[in-house]
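Working notes for the structure below.
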Amino acid sequence: MEKFIFLAFIDVLLASILMFQPVICSSNFTDQEALLHFKSTMEVDPTNTIKGGNWTMEANFCEWIGVVCSNRRQRVIALDLSHMGLQGRLSPYLGNLSLLASLDLRNNSFYGMILIEISHLRRLKELILESNQFEGNIPPILTQCQNLEVMSLATNKLTGGIPREFGGFPKLQQLNLSSNDLRGQIPSFLGNITTLRVIILANATLTGSIPSALFNRSLTWVNLTDNYLSGSLPSDLCYHWPNIQILSLRQNQFSGLLPETLTQCKELIILWLSYNQFQGREIPSEIGNLVNLQTLALSENFLTGEVPQEVFNISSLKVLDLSENSLSGSLPSGRDLSLSNLEELYLASNGFGSNIPQSFSNFSNLILLDVEDNQLSGSIPTGLGNLKNLESLSIGSNQLTGETYGSELGFLSALSNCPLLRYLRLGGNPLHGFIPESIKNFSSSLQILSAPNCQIRGRIPKEMGFLKRLIFIRLSNNSLDYSIPSSIGGLERLQRLYLDNNLLEGLIPSEICNLTGLGELLLQQNRISGSIPNCIENLSSLQKFLISSNNMTSVIPVSLWGLQELIFLNLSLNSFNGGLPLEIGKMRAIESIDLSWNRLTGAIPSSIQEFESLASLNLSRNSFQGSIPQSIGHLKGLEFLDLSYNELSGTIPESLEALAYLQVLNLSFNKLSGEIPNGGSFKNFLALSFIGNEALCGNRGNTSEKASISMVNLPRINHPMIPYQELCLATNNFSESNLLGAGSFSSVYKGTLANGTDIAVKVLNLHIEGALKSFDAECNAFRMIRHRNLVKVISSCTNANLRALVLQYVPCGSLEKWLYSNNYNLDLHQRVKIMVDVATAIDLRLWNYQDFG
16 MEKFIFLAFI DVLLASILMF QPVICSSNFT DQEALLHFKS TMEVDPTNTI KGGNWTMEAN
76 FCEWIGVVCS NRRQRVIALD LSHMGLQGRL SPYLGNLSLL ASLDLRNNSF YGMILIEISH
136 LRRLKELILE SNQFEGNIPP ILTQCQNLEV MSLATNKLTG GIPREFGGFP KLQQLNLSSN
196 DLRGQIPSFL GNITTLRVII LANATLTGSI PSALFNRSLT WVNLTDNYLS GSLPSDLCYH
256 WPNIQILSLR QNQFSGLLPE TLTQCKELII LWLSYNQFQG REIPSEIGNL VNLQTLALSE
316 NFLTGEVPQE VFNISSLKVL DLSENSLSGS LPSGRDLSLS NLEELYLASN GFGSNIPQSF
376 SNFSNLILLD VEDNQLSGSI PTGLGNLKNL ESLSIGSNQL TGETYGSELG FLSALSNCPL
436 LRYLRLGGNP LHGFIPESIK NFSSSLQILS APNCQIRGRI PKEMGFLKRL IFIRLSNNSL
496 DYSIPSSIGG LERLQRLYLD NNLLEGLIPS EICNLTGLGE LLLQQNRISG SIPNCIENLS
556 SLQKFLISSN NMTSVIPVSL WGLQELIFLN LSLNSFNGGL PLEIGKMRAI ESIDLSWNRL
616 TGAIPSSIQE FESLASLNLS RNSFQGSIPQ SIGHLKGLEF LDLSYNELSG TIPESLEALA
676 YLQVLNLSFN KLSGEIPNGG SFKNFLALSF IGNEALCGNR GNTSEKASIS MVNLPRINHP
736 MIPYQELCLA TNNFSESNLL GAGSFSSVYK GTLANGTDIA VKVLNLHIEG ALKSFDAECN
796 AFRMIRHRNL VKVISSCTNA NLRALVLQYV PCGSLEKWLY SNNYNLDLHQ RVKIMVDVAT
856 AIDLRLWNYQ DFG
């Protein structure tokens, strides 16, 4: 009897199981089928996680990587395949995962439209599709996911704006649509989402102002960075956003004053208002009451006045960025500054004066200090060496000095106590000292050492070779002397070495060839002699090699032409001799070559045609012989060609007519003969490009007598040629302090040559249409005439980026100043005399110009 009852119970139990089994299996099968179909649409699976992993029928789909199932019903409730590098279109079968609560596919390469089938996932709470390649409009039907709390579609290619239906999400807390091309204004209906706490619409091409409806009291995080938003911030901003913790409006077009009521946003942690047009009064001192503030970024605005002491007493502050404003006054120097948590301090490009306070050395957690481009003076405090966490120090473009004029730079020794220091930028300070041997103590960390224009003297210490982590050295425009130490060859990580414009002498050490990762080597304007090391070919990554204005001699090594990554090469103003080999054609990446002012001989090799990217070629002031190679006509991108002052003969190749981009051509002072081509760019070149070739004549298409052979044998004005480098030195690199005057067509700078001669340099604005032709015409006209009412032309200077006339300096000022300034009085007789003299000069200049043309 008992046995019968037991068997009956088993039958009932089995029947029950069989009754419900089809329902459970059917639901599970639907989930499995959806996942398998999703797998089938994968085109790329770099980690082989899905295509070759455990996504197989042999394994339970709830155990597949990225799949999370519910414990009781074994249904898919979460799918996380983020950061796997997957590529393909999404399968519409994903819409069959009816219990799915979280879908995270961020940081892959899924493309196509966002599936409307996602709207079937009524239990979905998290939809994260950011950092993919989805395109098209955002589907309005997504609002059918009424349980959605988090939605991130950021960093895709979505267009068309935010659907109006999005205002109907009843539970949405986080919305991130940044880095899409949404365009238009921020829709006011987003303010209807009363549950919204986080809204991120950065880099979405949005315009207009912040709609008043968006000032939703529930918001804690607002990021509208990098748009085209404008208008001013409302004075009651904190009343509407009382719980705001993160407010980032960086890189927009907001203007007006900073609201004083910002201090009422008591929960603020990050306030980022940089790169806008906020202006006016001082930063509100009440901002010091924001006791939770960790980041305050107000850079690149138009703020003025002094920084209130209260800002430097926000003890919670980790990042303070006030750079690139018009702030002034002294930096706070009190010992009671409460910035013990400060990690990054940016004060660059303002008008701060006085010195760097010693109290800065008390910011024990400081990682970055940037006070570049201010008016700071005094000595650099050695106390900065106490900042054990310091990684970056930028104090350039001030008036800071060393401790004692002409001595070792002791602050460098102090900074060597900063074991984490990686970036050191000192450029543009009158340091007036020597680099100490203690520089070697930076060996464990220093990567960038930049100290140009610092009046540093003495030798480069051999101890520099201990800085094994260095990738960048810039010591340009100093007074460093002696030779380059061979120990520099030990800096195997070095990528940039700038030692130009110093007094270095001796040879280039062969050890420099050990710097196989070197990309740029600048040694121009020194006194270096000898030859280029044959091992230069080891610098296979070299892209820029400038060694002009030195005392280099000997033949250019063939190995130099094997540098296939080289883009810029300048060996001008040396004494290199010998010829150019056929191997010169190996430089396939070269864009600019300047070998002018040397003693090179022989023929220009035809292999020059291999320079597919060449834009500028200057071989002037040498002794090249033979004909101009026809192959130069293959350099389709050539813009500048100067072969003047050589011994080239034969005719000008007609192949040069094919150089459609040629803007500057100088073939003057050779032994060329025959007719000048008249096609292509030759229609734009005047006689200045061809003078000094006695057997050269005008083209057959021009019957004008003025265009005949006499066109290129105009009377020569004997004056010394002035190289571009000397003009730079004479005018302090064309600085504003040397500017005498400027107009729409040109600017005039005062300069002093090495021999003490004062000059005025008229630099043409090359962006003006017809500027090049105007310059050539002016040169030709001035070269023909002399008159007491015209300023004497001393010389001219032409290269790929400059057209300049070197004029006699007239110390009495401009005619404009005498006529219109209240400080000068001219009577009627003087004014009439000026009118006659000016008219005579203009008439003479125009007469000669017309006679020439």
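Sequential numbering from 16 applies to the sequence shown in my numbering.
Quick reminder that beta carbons are idealized off the backbone N, C-alpha and C, glycines included.
Taking DSSP as the reference, what is the three-state secondary structure of residue i?
i    : result
A745 : helix
L427 : helix
A93  : strand
C84  : strand
P37  : Bear in mind that the predicted position of P37 carries a pLDDT of just 34, short of 50, making it unreliable; the figure below should be weighed with that in mind. In the structure shown, P37 sits in a helix (DSSP, three-state: H, G or I).
G433 : A quick correction: the sequence has Cys, not Gly, at residue 433. Note: C433 maps to coil in three-state DSSP.
T174 : strand
A819 : strand
I143 : strand
C876 : Residue 876 lies beyond the range of the chain shown here (16 to 868); nothing can be said about it.
C160 : coil
Y243 : strand
D196 : strand
L581 : coil
F204 : helix
Could you give the first and the last residue of the continuous beta strand (DSSP E) run that contains residue i?
i    : result
F639 : S638 to S642
L755 : L754 to A757
C77  : Looking at the DSSP string, C77 is not in any beta strand (DSSP E), and its letter there is neither H nor E.
C712 : A710 to C712
L311 : T310 to A312
Y497 : From DSSP, Y497 is part of no beta strand (DSSP E); its letter is neither H nor E.
A775 : D773 to L779
Q414 : Q414 to T416
I767 : The sequence shown places Thr at residue 767, not Ile. Segment S761 to T767, the beta strand (DSSP E) holding T767.
A618 : R614 to A618
A116 : Premise fails: A116 is in no beta strand (DSSP E) and is neither H nor E.
E535 : E535 to L537
S501 : Here S501 belongs to no beta strand (DSSP E), and DSSP marks it neither H nor E.
T319 : F317 to E321
W236 : W236 to N238
I259 : Premise fails: I259 is in no beta strand (DSSP E) and is neither H nor E.
F125 : S124 to G127
Report yes if the CB atom of residue i is closer than 8 Å to the CB atom of residue j, and no otherwise.
i    : j    : result
R484 : S465 : no
F684 : S659 : yes
L768 : E741 : yes
L332 : I298 : no
G448 : I463 : no
Q260 : T235 : yes
G473 : I450 : yes
S628 : I605 : yes
V570 : G534 : no
G771 : N753 : no
G366 : S341 : yes
I208 : F230 : no
L6   : L482 : Outside the modelled stretch of the chain, which goes from 16 to 868, sits residue 6, for which no answer is possible.
V83  : A74  : no
L561 : L537 : yes
To the nearest whole angstrom, what separates the beta carbons of residue i and residue j, a pair I think is in contact under 8 Å?
i    : j    : result
F583 : S555 : In fact, because the Cβ distance is near 16 Å, the residues do not count as touching under 8 Å.
F639 : L656 : That pair is no contact at about 13 Å.
S563 : Q539 : 4 Å
L405 : S374 : About 15 Å separates the two Cβ atoms, so there is no contact after all.
S330 : S314 : S330 to S314, Cβ: 22 Å. No contact.
Q390 : G368 : 5 Å
T310 : L286 : 7 Å
K601 : W576 : 5 Å
D388 : S364 : 4 Å
L163 : K186 : 7 Å
Looking at the secondary structure, which residues open and close the alpha helix (DSSP H) in which residue i lies?
i    : result
Y254 : L252 to H255
Report yes if the C-beta of residue i is less than 7 Å from at least one heavy atom of the ligand SAM; otherwise report no.
i    : result
F449 : The ligand SAM is not among the ligands present in this structure, which contains no ligands whatsoever.
I'd like the ranges of any beta strand (DSSP E) spanning at least 3 consecutive residues and lying wholly in the region 628 to 677. 631 to 633, 638 to 642, 655 to 657 and 662 to 665
In the region 438 to 489, which residue ranges form an unbroken beta strand (DSSP E) of at least 3 residues, counting only runs that do not cross its ends? 438 to 440, 463 to 465, 472 to 474 and 487 to 489
Scan the region 273 to 309 and note each continuous beta strand (DSSP E) run of 3 residues or more that stays entirely inside, going in chain order. 285 to 287 and 292 to 295
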